Structures are given as C-alpha cells and as structure tokens.
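Engineer: Once you've had a glance at the structure underneath, I'll fire off some questions.
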Amino acid sequence: MTTQPAPIDRKGLAAAIAAFVIWGVFPLYWALLKHVPAFEIVAHRIVWCTVFVVAWLCWDQGLGWLSRALRQPRAAWMLSLSSLLISVNWLLYIWAVNSGHVLESSLGYFINPLVNVLIGVAVLGERLRRAQWLAVALAAAGVLWLSLQQDRPPWIALGLAGSFALYGLIRKQVAVESIPGLGVESVLLFLPALAWLWWAEQAGGGAIFHGHWGTDALLITGGALTAVPLIAFAFGARRIPYSMLGILQYIGPSMQFLLGIFVFGEAFSSVQAIGFGLIWLALVVYAAEGWRQQRRRGMAVVPAS
0 MTTQPAPIDR
10 KGLAAAIAAF
20 VIWGVFPLYW
30 ALLKHVPAFE
40 IVAHRIVWCT
50 VFVVAWLCWD
60 QGLGWLSRAL
70 RQPRAAWMLS
80 LSSLLISVNW
90 LLYIWAVNSG
100 HVLESSLGYF
110 INPLVNVLIG
120 VAVLGERLRR
130 AQWLAVALAA
140 AGVLWLSLQQ
150 DRPPWIALGL
160 AGSFALYGLI
170 RKQVAVESIP
180 GLGVESVLLF
190 LPALAWLWWA
200 EQAGGGAIFH
210 GHWGTDALLI
220 TGGALTAVPL
230 IAFAFGARRI
240 PYSMLGILQY
250 IGPSMQFLLG
260 IFVFGEAFSS
270 VQAIGFGLIW
280 LALVVYAAEG
290 WRQQRRRGMA
300 VVPAS
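Written out as structure tokens, the structure reads:
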C-alpha cells in the first residue's frame, strides 16, 4: 500500500484564488471613491450587497432561506452581533485605505490568522503545538517592535484583525452557512444603512443620483464586489483543504502591501521592514505547520501500483 494526497478540486481552487485576488485589489477600487465619506461608502456597500446577496439566495435556495437560517439556535442575536462587527471592519478598512494607510491595513490581514489562534486558545480552549506558539511569539514581537518604534501602536491593523477575528468566532458558533449568514447580516443592517443614506441626502451630503454617473456606478457595483468574493470564497472553502485555504489567504494582504508601496507611494522604512519581517516569518512557521498537519491527516491510502 502507498499513500497519495487527495486530489485538489480545480474549480474550488480557482474560486478561492479569485476571491483573494479581488480582496487584494480592493484598495484600487475604494480609492476611486475617496471623495465620498467612509460612512456613506459603507452604507451603500451594505444596501447594494443586500440587494445582490438576497437576490442570489432567493434564486439559489428559494424564498424560505431567511426563515430557515433564523430557525437555527441563537442565530438571530448572534448574527446581529456579527453584522455590527463586519460593518465596523468595513468602515475601518475603507477609512484607512482612503486616508493613506494601505500598508497598515495589509498588516491587519497578515496578523488576522494569528489573532484567530489566540482567540481559539483563550475562548475555545484549543491547544497549540510548539510551532504555533513560536509563530504567535514572532508575530507579537513584530507588533511590539512596530509599536515601540512608531509614535503609536498599529491600531488600524489591530482593529482590523481583532474585529474580523471576533466576527469569525461568532460565525463559527452559529450553525448557518456562509452565504445565508451574510444574507441575514445584510438584511439586519439594511434599514439602518438606508436610514443613514436618507439622512445624508436630506442634509445635502448624499453622493448618489446627482448626475455623477461614475460615482453612482462605483457605489452600486461596490455591493456586488462585496458579495462576489464572499460567494467564491464559500464555494472554494468547501472544496479544498483548509490548510491550503490558509496559505491562499495571504494573496490579498500581499497584493495590498505591494499596492501600498508601488501604487499609493506609501513609505516603507527599515523599521517597518523589521516588524513586517517578524510577522511574515511567523506566518511562514504557522502555514508550514498547518500544511504539515493537513498532509499527515489527509493522506489517502490507495493500492500500490
């Protein structure tokens, strides 16, 4: 008998890569809306994401998708909390990108997997292997270095990583699939977002439907660009190994990092290089350990040829 790794689903792999690439180029998109306040961009993102996601779910699962999702234990209040967390994450991210902090935003998504690890230990009682503890220690050293060498801690990165990690923790506790869960979150946020847009319009600050068709198209399409990668991610996550998904997730922040330097012209000093380098080393250790464990568990036994 010999062992061979299970074959990789190519469609799932392509969908996952597409999702991370779209997330990676998001700074270019939101920069086109720099003239619109971040709160208003997020409100439009929620409204139009709701339209696209609900339309998709009604086509894919029928009109009863919402009642089926909310019948799950604790779904209503936990998805209400997760919807607040993801809206905070979106707001902070868009504000950071349009305020010249693309590099620090990318740092947030680099350290997010390691924040997930710490939450798993602190909240879920999970146990870490030595390599995982080493990865966490290296990342903590990188964040501490950046905090000591700059005039402030990297609070944008920590806010992004923390809000998304807590969002993931809550979603892990709710027995609702990714896309219906996003649909519920979007529906819960829809009326507050619509009310904000109505108030902005009454106050004379609305940005849509005032003859600037480019801005209108960008705000509306932003909802689709929110929904499409999440749908692609959910499709891919069900079809490829979790360890591979964990490695692919660094496509997005890596692209954001490169955009920050080469497109947006943000400074990257030797001080930042040391801090980022420690965090990147932590990610290499963490990803290598996850890949090794996945291969150990996922080897399929087949007859020797």
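0 is the number of the first residue of the sequence shown in numbering that gives the first Met the number 0; add one for each residue after it. For every residue, glycine included, the Cβ atom is placed at its ideal position computed from N, Cα and C. A quick note: this is a predicted structure, and the numbers were derived from the prediction, not measured.
Need the endpoints of the alpha helix (DSSP H) that Pro-26 sits in, please.
Structural biologist: Residues 9-30.
Engineer: For Phe-234, count the other beta carbons within 10 Å of its own beta carbon; 16 or more makes it buried, fewer makes it exposed. Which is it?
Structural biologist: With 16 or more Cβ atoms within 10 Å of its Cβ, Phe-234 is classed as buried.
Engineer: Take Gly-180 as the anchor and find which of Ile-7, Arg-44, Ala-74, Asp-8 has the nearest alpha-carbon.
Structural biologist: With distances taken between Cα atoms, Gly-180 lies closest to Ala-74.
Engineer: Where does His-43 sit, in a helix, a strand or coil, going by DSSP?
Structural biologist: Helix, per DSSP.
Engineer: Just to confirm the assignment, what range does the alpha helix (DSSP H) spanning Gly-221 have?
Structural biologist: Segment 212-236, the alpha helix (DSSP H) holding Gly-221.
Engineer: So, is Val-262 buried or exposed, given that buried needs 16 or more other C-beta atoms within 10 angstroms?
Structural biologist: Classification for Val-262: exposed.
Engineer: Thinking C-alpha only, which one of Gly-289, Phe-275, Ala-286 is nearest Gly-141?
Structural biologist: Per the Cα distances, Phe-275.
Engineer: If you measure between the beta carbons of Leu-282 and Ala-15, is that distance less than 8 Å?
Structural biologist: No, Cβ-Cβ distance for Leu-282 and Ala-15 is not below 8 Å.
Engineer: Residue range of the alpha helix (DSSP H) that Pro-112 falls in?
Structural biologist: 101-121 is the extent of the alpha helix (DSSP H) around Pro-112.
Engineer: Is Thr-225 buried or exposed, if buried means 16 or more other CB atoms sit within 10 Å of its CB?
Structural biologist: Thr-225 comes out buried.
Engineer: List the whole-angstrom C-beta distance separating Ile-155 from Ala-95, where the pair is believed to meet the contact cut-off of C-beta under 8 Å.
Structural biologist: That belief holds up - the Cβ atoms of Ile-155 and Ala-95 are roughly 5 Å apart, short of 8 Å.
Engineer: Verify whether the separation of the beta carbon atoms of Leu-137 and Leu-280 is less than 8 Å.
Structural biologist: Going by C-beta atoms, Leu-137 is nearer than 8 Å to Leu-280.
Engineer: Starting from Ala-138, trace the alpha helix (DSSP H) in both directions and tell me its first and last residue.
Structural biologist: Note, Ala-138: alpha helix (DSSP H), 129-148.
Engineer: With H, G and I counted as helix, E and B as strand and the rest as coil, what does DSSP make of Tyr-166?
Structural biologist: Of the three classes helix, strand and coil, the one that applies to Tyr-166 here is helix, per DSSP.
Engineer: Mark Phe-267 as exposed unless 16 or more other C-beta atoms lie within 10 angstroms of its C-beta, in which case mark it buried.
Structural biologist: Label assigned to Phe-267: exposed.
Engineer: Confirm, please, whether the CB-CB distance from Ile-219 to Val-52 is below 8 Å.
Structural biologist: Cβ distance not < 8 Å, so Val-52 and Ile-219 don't count as in contact.
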